[in-house]
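Encoded as structure tokens, the structure appears first; notes follow it.
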Amino acid sequence: MSAFPARVDILIVGAGLSGLYQLYHLRKLGFSVTIFEAGGGIGGTWYWNCYPGSRVDTDATNYQLSIDGLWQDWSYATLFPDWQELRKYFAYIDRTLDLGRDISLNTRVVAAEFEEATDEWLVRTQKGDIVRCQFLSFCTGFASKPYIPEFKGLDTFRGRLHHTGTWPQEGVDLRSKRVAVIGTGASGVQVVQEAAPIAQQVTIFQRTPCTALPMGQRKLDIEDIKKMKEGQLKAFTDRKKSYAGHSYDFTDRNMADCTPEEQEELYKQLYARGGFYPLFAGFREIYTDAAANDWVYAMWRDKVRARINDPWLQEKLAPTIKPYPFGTKRLPLEQNYYDLFNQPNVSLIDINENSLTQITPKGIQTADGVEHEFDIIVLATGFDAITGSMTQIDIRGTEGVTIFDKWTAFARTYLGLMTTNFPNMFFTYGTQGPTALSNGPTAAEVQGDWIIHCLEYMRAHGFSRIHAKKEAEEAYTKLVGDLGDQGLWMKVKSWYTGANIPGKTIQHLNFSGGVGVYAEMCRENEANGYEGFELTSGRVSSGPPARSML
Ligand code: N01
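Read left to right, the sequence shown gives residues 59 to 608 (the working numbering).
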């Protein structure tokens, strides 16, 4: 991986799937492109999230890029690959597409400022290097700013305490340890599954029960792989038309038109397939119709309770009364999460009943006065998701506006790709894109294609600047809000709406109209010559970095 030039046409921030996809295509088109990656390796989320059990909740067919010449020779060994397998996939991408020579690792971008005189960005790294680029593309994902709650005494703990999103690269041995896991989202569930078989004791601090679905994990054999390869091209096409960016989609049938037996039979089959099938291949109404949502919750609840011996735990993990609409908080996938609670070394503390009062040198104290002693505390407490990946960087656009100030008040974008006052700056898999409601690689490609085509178009027409018009941004942001309000997402506190972070503005942060609809909007926008964007020409510089700007 090489040193970077002083000026490039396009600087990409982040070497996850989005960043690599854009680097590959833009370089092929003859642009000069560099990726700055904060981590010591490529892989984005799979570099940082190397905690025990970390694995993708998307199946092998869908969790890959569709680049021709890439997918044909790659096969995962498991249906839901873990972080180690995913890192092998990233190494394969790097090798096959020869991307490394344009990636600078350990290069964290801390600031960027737009220079009106040249229509260029000046980007500063943590090490103090400054690079000039005409276009800046943030491929920083939705979960690159870990959230650590302000627990009293956090710094006093004498054991090991780590957030899942910044897990030590060298690993942490959980064997025979007393492990606390705070948080029961996708990360917490994965850690618990890994810790319970080997740790001396695992104590889970739960604030809200998750509604995990069975993963259906299995090893892939030669026959599976052959079948996958045969259907792969169709899967790539289908996923861009679907609601959630997977190769499968909601049933065309209305729930109301089906008999109770037909409804049950459908969900029996979807559960048997595993993964997100019950969520994204069942009835669409579960997202909009409270009664349909109640029905699907009750079915999930009964299946889960049947696996748990202790009635108290049954009620804590799968409450009789639905705690929030099913599917409105990101569902984890589980392999044996609920069964593990039957083990004597696994226990649960409901912090609504018995709150976590402070972290102590020896462990965690709860409101009942008990000090629970631990060797390791795992903070699976999530992220300042979606907007946080960019607002943590000092990004300054025109008129002195920073992205932090703009989005902290109320995040606005046009098409989830650009935001007013930040010309020549794109972002992918972030604010107001399909993001959390989409399979990652699909969103990376749909949004990446729009950016790539736009840059080609600008070059062909001699434009040096693209800027999202304010009225287009207002209209799109309203659309995101209106679509979101048609669903049940506001009925729960979650990172989908910013409600997991104290004080953060609560708003719909995802485009919830579906990936297929979104992709069509992007294609239309491209076809009509980028309506809603102002394209201008005239200011091009290839000069050295202006070190005084930042
Ligand atoms: O984070 P989360 P995550 N005291 O925000 C709890 C992706 N991911 O890291 O629900 C006590 O979902 C919080 O409680 P509550 C995936 O998209 C992907 O698990 O807010 N508890 C919740 O239980 C996922 O959705 C993979 O009441 C506190 C938990 O911490 C996203 O990352 C694998 C607390 C946070 O859950 C984030 O998942 C893993 C407090 N003060 C993760 N504050 C893949 O497959 C928060 N909590 C790609």
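C-beta: ideal position from N, C-alpha, C; glycine also. Everything numeric in this text was worked out from a predicted model, so none of it was measured.
Original post:
Between Cys268, Asp368, Ser595 and Lys284, which lies nearest to Pro381 when the distance is taken from Cα to Cα?
Top reply: Here residue 381 corresponds to residue number 323 of the sequence shown, with the count starting at 1. Closest by alpha carbon: Cys268.
Original post:
When the Cα atoms are used, what is the spatial distance from Ala533 to Gly243?
Top reply: Within the sequence shown, the letter at position 475 stands for residue 533. Within the sequence shown, the letter at position 185 stands for residue 243. If I take the Cα positions, the gap works out to 33 Å.
Original post:
With contact counted as at least three CB pairs below 8 Å, one residue from each stretch, are the segment 70–83 and the segment 92–102 in contact?
Top reply: yes
Subject >> Cβ neighbour criterion (16 or more within 10 Å) applied to Pro499 >> reply: To locate residue 499, count along the sequence shown from 1; it is residue 441. Its Cβ being crowded by 16 or more others within 10 Å, Pro499 is buried.
**OP:** Check Ser595 in the structure and name its three-state DSSP category.
**Re:** Along the sequence shown, one-based indexing puts residue 595 at 537. DSSP places Ser595 in coil when its eight states are reduced to three.
Subject >> Helix, strand or coil at Glu431 according to DSSP, with G and I counted as helix >> reply: In the sequence shown, counting from the first residue as 1, residue 431 sits at position 373. Note: Glu431 maps to strand in three-state DSSP.
Subject >> Neighbourhood of Ala494 by C-beta, 8 Å cutoff - its chain only, sequence neighbours within 5 removed >> reply: Sequence index remark: in the sequence shown, residue 494 carries index 436 (1-based). Counting only Cβ-Cβ distances below 8 Å, and skipping sequence neighbours, we find Phe200, Arg388, Ala443, Ile444, Trp553, Tyr554, Leu567 and Asn568.
Original post:
When the Cα of Phe468 is compared with those of Glu514, Glu281, Gly556 and Asp426, which residue comes out closest?
Top reply: Translated into the one-based positions of the sequence shown, residue 468 becomes position 410. Among Glu514, Glu281, Gly556 and Asp426, the Cα nearest to that of Phe468 belongs to Gly556.
Original post:
Under 9 Å, do Cys191 and Glu171 count as touching if we go by C-beta distance?
Top reply: Numbered from its first residue, the sequence shown carries residue 191 at position 133. Numbered from its first residue, the sequence shown carries residue 171 at position 113. Not closer than 9 Å, so no.
**OP:** Output the distance between the C-alpha atoms of Glu431 and Thr154, rounded to the nearest integer angstrom.
**Re:** Sequence index remark: in the sequence shown, residue 431 carries index 373 (1-based). Sequence index remark: in the sequence shown, residue 154 carries index 96 (1-based). For Glu431 and Thr154, the distance between alpha carbons rounds to 48 Å.
Original post:
Going by DSSP, which residues form a beta bridge with Tyr472?
Top reply: To locate residue 472, count along the sequence shown from 1; it is residue 414. According to DSSP, Tyr472 bridges with Met476.
Original post:
When you compare only the Cα positions, how much space is there between Met286 and Gly596?
Top reply: The residue labelled residue 286 in the question sits at position 228 within the sequence shown. The residue labelled residue 596 in the question sits at position 538 within the sequence shown. Their Cα atoms are separated by approximately 49 Å.
**OP:** May I ask you to verify whether the segment 218–237 touches the segment 432–439, counting CB pairs closer than 8 Å and requiring at least 3?
**Re:** yes
Original post:
To which residues of the same chain is Trp353 closer than 6 Å at the C-beta, ignoring the five residues directly before and after it?
Top reply: Taking the first residue of the sequence shown as position 1, residue 353 is located at position 295. For Trp353, where only same-chain residues beyond five positions count, there are no Cβ hits under 6 Å.
**OP:** Take Asn412 as the anchor and find which of Asn583, Ile262, Phe148 and Gly211 has the nearest alpha-carbon.
**Re:** Residue mapping note: residue 412 aligns to position 354 of the sequence shown, counting from 1. Answer by Cα proximity: Ile262.
Subject >> Cβ-based neighbour list, Tyr150, same chain, cut-off 7 Å, excluding 5 preceding and 5 following >> reply: Start at 1 with the first residue of the sequence shown, and residue 150 comes out as number 92. Around Tyr150: Trp132.
Subject >> C-beta contact flag for Ser162 and Glu503 at 9 Å >> reply: Against the sequence shown, residue 162 aligns to sequence position 104. Against the sequence shown, residue 503 aligns to sequence position 445. No, they are not a contact pair.
**OP:** Assign Pro602 to buried or exposed, taking buried as 16 or more other Cβ atoms, counted over all protein chains shown, within 10 Å of its Cβ.
**Re:** For the purposes of this step, residue 602 is taken as the residue at position 544 of the sequence shown. Confidence is the limiting factor: at Pro602 the pLDDT is only 42, short of 50, which leaves the residue's position unreliable, though a coordinate-based value still follows. Result: exposed.
Subject >> Three or more C-beta pairs below 8 Å linking the segment 268–278 and the segment 468–478 >> reply: With contact defined as three or more Cβ pairs closer than 8 Å, the segment 268–278 and the segment 468–478 are not in contact.
**OP:** Count the C-beta pairs between the segment 390–408 and the segment 248–260 that are closer than 8 Å, then say yes if the count reaches three, no if not.
**Re:** yes
Original post:
In chain order, what residues of the same chain lie with their CB nearer than 7 Å to the CB of Asn164, ignoring the 5 residues before and after it?
Top reply: Residue mapping note: residue 164 aligns to position 106 of the sequence shown, counting from 1. The residues are Gly98.
**OP:** Would you decide whether Trp370 is buried or exposed? Buried here means 16 or more other CB atoms lie within 10 Å of its CB.
**Re:** Numbered from its first residue, the sequence shown carries residue 370 at position 312. Exposed, because fewer than 16 other Cβ atoms sit within 10 Å of the Cβ of Trp370.
**OP:** Could you name the residues that DSSP lists as bridge partners for Met448?
**Re:** Along the sequence shown, read from residue 1 onward, the residue named residue 448 stands at position 390. Bridge partners of Met448: none, in fact.
Original post:
I think Ser496 touches Thr198, with their Cβ atoms under 8 Å apart; what is that distance to the nearest whole Å?
Top reply: Here residue 496 refers to the residue found at position 438 when the sequence shown is read from its first residue. Here residue 198 refers to the residue found at position 140 when the sequence shown is read from its first residue. Not really, about 16 Å apart at Cβ, beyond 8 Å.
Original post:
Below 8 Å, can you find three or more Cβ-Cβ pairs linking the segment 532–546 to the segment 342–352?
Top reply: In short, these stretches touch, since the Cβ pair count reaches three.
**OP:** Pick out whichever of Gly223, Ile283 and Arg216 has its Cα sitting closest to the Cα of Tyr205.
**Re:** What you label residue 205 is simply residue 147 of the sequence shown in a count that begins at 1. The shortest C-alpha separation from Tyr205 is found at Gly223.
Subject >> Which residues DSSP lists as bridging Gly421, in chain order >> reply: To locate residue 421, count along the sequence shown from 1; it is residue 363. Paired residue(s): Glu431.
Subject >> Rounded straight-line distance, which links the Cα of Arg65 to that of Arg517 >> reply: Looking up residue 517 in the sequence shown gives position 459. Looking up residue 65 in the sequence shown gives position 7. Taking the straight line from one Cα to the other gives about 17 Å.
Original post:
Residue range of the beta strand (DSSP E) that Gln264 falls in?
Top reply: For the purposes of this step, residue 264 is taken as the residue at position 206 of the sequence shown. Gln264 -> beta strand (DSSP E) spans Gln259 to Gln264.
Subject >> Residue span of the beta strand (DSSP E) that contains Arg182, given as start and end >> reply: Taking the sequence shown and counting its residues from 1, one reaches residue 182 at position 124. Glu178 to Thr183 is the extent of the beta strand (DSSP E) around Arg182.
**OP:** Taking 8 Å as the threshold, find out whether the segment 326–333 comes into contact with the segment 512–530 through three or more Cβ pairs.
**Re:** no
Original post:
Closest to Trp106 by CA distance: which of Arg85, Trp225, Gln393 and Leu78 is it?
Top reply: By 1-based counting over the sequence shown, the position of residue 106 is 48. It is Trp225.
**OP:** Along the alpha helix (DSSP H) that carries Met483, what are the first and last residues, could you check?
**Re:** The sequence position of residue 483 within the sequence shown is 425, counting from 1. Looking at the DSSP string, Met483 is not in any alpha helix (DSSP H); the run it does join, the beta strand (DSSP E), is Met483 to Phe485.
Original post:
Is the beta carbon of Ala501 less than 9 Å from the beta carbon of Tyr487?
Top reply: Taking the first residue of the sequence shown as position 1, residue 501 is located at position 443. Taking the first residue of the sequence shown as position 1, residue 487 is located at position 429. Yes, the pair counts as a contact, with Cβ atoms nearer than the cut-off.
Original post:
Is the Cβ-Cβ distance between Leu194 and Asn586 less than 9 Å?
Top reply: The sequence position of residue 194 within the sequence shown is 136, counting from 1. The sequence position of residue 586 within the sequence shown is 528, counting from 1. Not closer than 9 Å, so no.
Original post:
So is the beta-carbon of Tyr205 under 8 Å away from any non-hydrogen atom of the ligand N01?
Top reply: Numbered from its first residue, the sequence shown carries residue 205 at position 147. It does: the Cβ of Tyr205 is within 8 Å (strictly closer) of some heavy atom of the ligand N01.
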